[in-house]
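So the structure is just underneath, and the comments pick up after that.
Number of protein chains: 2
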Amino acid sequence: MSIQRVQDGVGGEPRTGGTAPKIVVVGSVAAGTSAAAKARRNTESAQITVYERDQDISYSGCGLPYYVGGEVETLDELTPRDATWFAKRYNVQIRTGREVVDVDPAARTVDVVELATGARFTDTYDELVLATGVSPVVPPVPGTDLDGVFVLRTPSDARAVRDRIELHDVRDAVIVGAGYIGLETAEQLVGRGLGVTVVEAMSHAMPRMDPDMSARVDAELRAHGVQLLTDTRVVALEGTAGAVTGVVVQDDTGGTPRTVPASLVLVAVGVRPNLDLARAAGVEIGPTGAIAVDRRQRTSVPHVWAVGDVAESFDRATGEPAWVPLGSTANKTGRIAGDAMTGGDLEHRGILGTSIVRVFDLAVAQTGLTEARARAAGRDVVVMHNIKPDRPAYLGGREMIIKAIADRDTGLLLGAQAIGPAGVDKRIDVLATAISFGAHAEDLFHLDLAYAPTYATTKDPVHYTGMALDNAVRGTARLITPEELQHRLSTGEAIQVVDVRSAKDRAKSCVDGSVHIPLAQLRERAGELDPAVPTVTYCNKGVSGNAAQNVLQGIGFSDVRNLSGGNTNYQAAARARTDR
Amino acid sequence: MSIQRVQDGVGGEPRTGGTAPKIVVVGSVAAGTSAAAKARRNTESAQITVYERDQDISYSGCGLPYYVGGEVETLDELTPRDATWFAKRYNVQIRTGREVVDVDPAARTVDVVELATGARFTDTYDELVLATGVSPVVPPVPGTDLDGVFVLRTPSDARAVRDRIELHDVRDAVIVGAGYIGLETAEQLVGRGLGVTVVEAMSHAMPRMDPDMSARVDAELRAHGVQLLTDTRVVALEGTAGAVTGVVVQDDTGGTPRTVPASLVLVAVGVRPNLDLARAAGVEIGPTGAIAVDRRQRTSVPHVWAVGDVAESFDRATGEPAWVPLGSTANKTGRIAGDAMTGGDLEHRGILGTSIVRVFDLAVAQTGLTEARARAAGRDVVVMHNIKPDRPAYLGGREMIIKAIADRDTGLLLGAQAIGPAGVDKRIDVLATAISFGAHAEDLFHLDLAYAPTYATTKDPVHYTGMALDNAVRGTARLITPEELQHRLSTGEAIQVVDVRSAKDRAKSCVDGSVHIPLAQLRERAGELDPAVPTVTYCNKGVSGNAAQNVLQGIGFSDVRNLSGGNTNYQAAARARTDR
């Protein structure tokens, strides 16, 4: 059967009273405990049992890299709640060391193995919640069983990695995969003084982002001494006496494989849903490979729910199935299921894939569609890059870059990415909130955001982003991305590219083939340009380029575009093409 | 005549071309220059002149306290743009040292005096923009003309204050008024080692906020050594040899006036619009005392516009006239007028009064309606206080308090206030964005905000705020504010107040008359309570109190409320009543 993604609510039912349901939850990290706690909040009468095959419950998986690095001193800080706490607080029984190995949805029973003894028993349920989470993907290459090779998913994993570093003479580490966990751990290991190599099969670190943005992450890693190998795959792990000594890698040019020395290897290429129990229950798996659920987290099998990383989600904007396993979503879906199965009316509204990661001195964040995903979905988009400080320079403001994507026809805001040393988390959350409410580019300027020079500029970077994006959507100040300009120049198209900066700035770097007319001279020297030829104006970041664009448009130039993000962004994009 | 607040747009008109309008702007700080710059961006053909009676233009008034304190070293940093820059960048002529002293709207002329020479001349306009700003209010008490008595509005003011401190032996300062400028300057003067007294006529610092929140600002000031005198008025300033030596104050109990020694006095009790020119033009003044404008910033007189602090705004939610002079709004309205007078279609969407101020280690922020203003407007509201860390404790998270106000019938989010050491600016901007889009309490939980433990908790404080507020709106977890509980207890009403905390926490402070049943014992000891008597549960901050509330409701207690913000908030509210 197929999942109906919107179903009637049961909001009219009382949340308490009636017969006492027996709720069984499988998995006790974020989503499982959220479901149990919310069910209890809604009803005192339910009997709620959580089975957990491990010992640790309700831990912060996202905090593990910081335990490895020592920024978090003890694992206890990441596992503040134990089974006793849940029993007292919520009257929820969490039974650790018990693995649910089978389910009979017709009989509504689960088979449970007590791992310490091997004893097997059967339990019954009225409602079953699958919160079985994900497991790290380990590539099928030789040597992953060597000592010193780790994944980082549980507190036990984190303890093993840290012990390895502290008890052995670990000097060099290789991290396979440049996603969240890989980059967070890279930062932490550099902080511990290790030599760190990051191997990434895609062209850039943070491959979920657009290349022009993730190239900035590459640069940050390299600036902090990380050897980043992109477009590179791991062929094998090598070892001596059972312990890892190196990682054999090969780049996509097909050259000779080479060995990167390493006495510690972290495999962080991704995760896959733990579907064994789902398959035993016969629930439908969605197109993303995670468990298909409706908006109340119901699977295709009656009385079986799925929450957290093992469950599929859907894109808030398009309604299409989406799977982005993140702790924030796991908590949400757990709460939604716990509410729904006890008479509440909560429904999931989908995800924007909003995320953030600290990479050394930068916050790297995104929400909604990237340019690449929007274009892949067939969208005609307007793209702009905005480079602005988080606060005024006079109070120590530092620049961030925001890349925003809007639908060309309607101006609907589709997504944003932001990178910078400060204030990025705020701007991405404001943009995520705006997107959630269906904001258009023009709406951003009108937001009444909190201004004081200690926290923001008078016009916030979000305002500037909206203003420039809206102008581009309306066509009053059209933009051209570095990629598009580079592509059109490479085809030999006649474009007059006008650098309106000072001679001093131009001497540092410029767009090849551009002519130089400083903005202050543009009105008098515009005659040097041909108003009928496509024209691109640019400055350092885009503001003066826009002023120049306005000047030329105002005196009759028919096709003028401003270079999005200016020369700063153009040079970054150029590096993104060449830094491999 | 009366202003029509919504008028037909003229968006269909071309932004360029047509006859070249002559635009005259009076005032060159934030709004005036924004209007001029936007007009130029829309059209190259306009002739644009800005008259400014002072010498400084386009400066950051909000940065002045930080120049006084030395956090900003030079005034140049606050005045990065001069008339030459505007001429080159925008072909806008800024004529400083010229005061516009009269206007003839029928003839469309202004009379201008060149202050250095006294020469008077007449200029013509097609569109006239009043950006005359505000002036500090100086109370009518003796002695304000003494040396050492200042206001802080312009760079010249700031230079005078700083010179006074650096060139004289200033040890004690009195700041009259505990609003933004007063508090920012108090912080900066303490940083310079001065003894600082703040005198405020209202009951608390930051009187724009609700008393239970502003009491926290009072405490922060006092914790940093500021002598804060609330409910206190200045009677006179005293001096010797023409220089101020003290401030005579009197509290509202009618006691004997006393003198606070001071060799520096800053008067920061508020500002009033500079209306001379508006009156000369005959434009309508709104009910707030600022210039009435429509949503395109047009005054009641044709071809006369008003922008920035001198113009009235309106509440985004209610549409009612509102006047909250802030740099963020000034910039917006300037841009809107500049656009509208050159064929654009921008319209002001109103304000939420969103603001933020740093007071020593706290960010103090608000958006939308306070509880007091909502109630004064006759709204039936639900109020909740949420105390949560900005990040997990294991990565150094520190607690903030968010007070949120929603309409009881609909759950519509009306306003929020937030105070804390970190992450407050982000949450208030997210809430302001949500309110702008008409968010209801239930919407907040569903926001897909950016989570990583380096930046936020898995459920963000905004999520928690929404969850608890929504539960209170729905009546599934009703709240009681400290004020309401205290009031009801004081009337002798029979309420059983249940403290569900540990004995250790209870020993520190508790609600008088409460009974003590720790949450873990509540299920078994509930028989000690009467299910028919109104019951209030509480813990330290509200989470366990809510759990206890759920337990009691689940076993049939009919009227259970959770104390909003728990004992922490209750004690703060108690201090708010007594700390004067």
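Residue numbers (this note's numbering), protein chains in the order written: chain A, 152 to 731; chain B, 152 to 731.
In this text, a Cβ means the ideal position worked out from N, Cα and C, and glycines have one as well.
Boundaries around residue 236 of chain B are those of the alpha helix (DSSP H), 234-241, since no beta strand (DSSP E) includes it. Between residue 649 of chain A and residue 668 of chain A, the C-beta spacing is below 8 Å.
For residue 272 of chain B, the enclosing beta strand (DSSP E) has its first and last residue at 270-275. At least one beta carbon of chain B lies nearer than 8 Å to the beta carbon of residue 543 of chain A. Counting only runs of at least 4 residues, the region 297-328 of chain A fully encloses the following alpha helix (DSSP H) elements, listed from N- to C-terminal order: 306-318. Counting along the chain, the unbroken alpha helix (DSSP H) around residue 614 of chain A starts and ends at 612-625. A distance of 8 Å or more separates the beta carbons of residue 210 of chain A and residue 225 of chain A. Annotation for residue 524 of chain B: the continuous alpha helix (DSSP H) segment containing it runs 522-527. For residue 536 of chain A, not one C-beta of chain B is nearer than 8 Å to its own C-beta. Contact annotation: in the region 398-431 of chain A, no residue has its CB less than 8 Å from a CB in chain B. Between residue 203 of chain A and residue 492 of chain A the beta-carbon gap is near 19 Å, outside 8 Å, which marks them as no contact. Taking 8 Å as the cut-off, the beta carbon of residue 596 of chain A is found closer than this to the beta carbon of residue 614 of chain A. Residue-level contact by beta carbon fails for residue 520 of chain B and chain A, as no gap is shorter than 8 Å.
Residue 202 of chain A sits in a strand when the DSSP states are folded into three classes. Taken atom to atom, the span from the alpha-carbon of residue 656 of chain B to that of residue 524 of chain B is near 34 Å. Nearest neighbour of residue 703 of chain A by Cα position, chosen from A:683, A:720 and A:717, turns out to be A:683. Ranked by Cα distance from residue 260 of chain A, the options A:453, A:234, A:722 and A:565 are led by A:453. With 16 or more other Cβ atoms from the protein chains shown falling within 10 Å of its own Cβ, residue 539 of chain A counts as buried. Around residue 674 of chain A, the same chain offers 702 as residues with beta carbons nearer than 7 Å, after the five sequence neighbours per side are excluded. Under DSSP, no beta-bridge partner is assigned to residue 381 of chain A. Between the region 477-487 of chain A and the region 524-538 of chain A there are fewer than three C-beta pairs closer than 8 Å, too few to call the two in contact. Fully contained in the region 551-606 of chain A are the following alpha helix (DSSP H) runs of length 4 or more, in chain order: 575-587 and 592-596. Within the region 620-692 of chain A, the complete alpha helix (DSSP H) segments at least 4 residues long are 633-641, 654-659 and 670-676, listed from N- to C-terminus. Apart from sequence neighbours up to five positions away, the residues of its chain that approach residue 276 of chain A with a beta-carbon distance below 6 Å are 173, 175 and 259, ordered along the chain. Using a CB distance cut-off of 8 Å, residue 228 of chain A counts as an interface residue toward chain B. Among the residues of chain A, those whose CB is under 8 Å from the CB of residue 213 of chain B are 602, 603, 604 and 609, following chain order.
Distance between residue 233 of chain B and residue 207 of chain B, taken at the CA atoms: about 8 Å. Residue 478 of chain A is positioned such that its CB atom lies no closer than 8 Å to that of residue 197 of chain A.
Inter-residue distance for residue 591 of chain A and residue 718 of chain A is about 27 Å (C-alpha atoms, whole angstroms).
Contact with chain A is absent for residue 177 of chain B, since none of that chain's Cβ atoms lies less than 8 Å from the residue's Cβ. A direct Cα-Cα distance of roughly 49 Å separates residue 575 of chain B from residue 389 of chain A.
Look at the region 543-558 of chain B: the residues with a C-beta under 8 Å from a C-beta of chain A are 543, 544, 545 and 546. Against chain B, the CB of residue 303 of chain A has no partner CB under 8 Å away; the residue lies outside that interface.
Ranked by Cα distance from residue 414 of chain A, the options A:447, A:406, A:354 and A:326 are led by A:326.
If the five residues before and after residue 408 of chain B are omitted, its C-beta is found closer than 6 Å to the C-beta atoms of 386, 399 and 401, all from its own chain and listed in chain order.
The DSSP-derived three-state label of residue 364 of chain B is helix.
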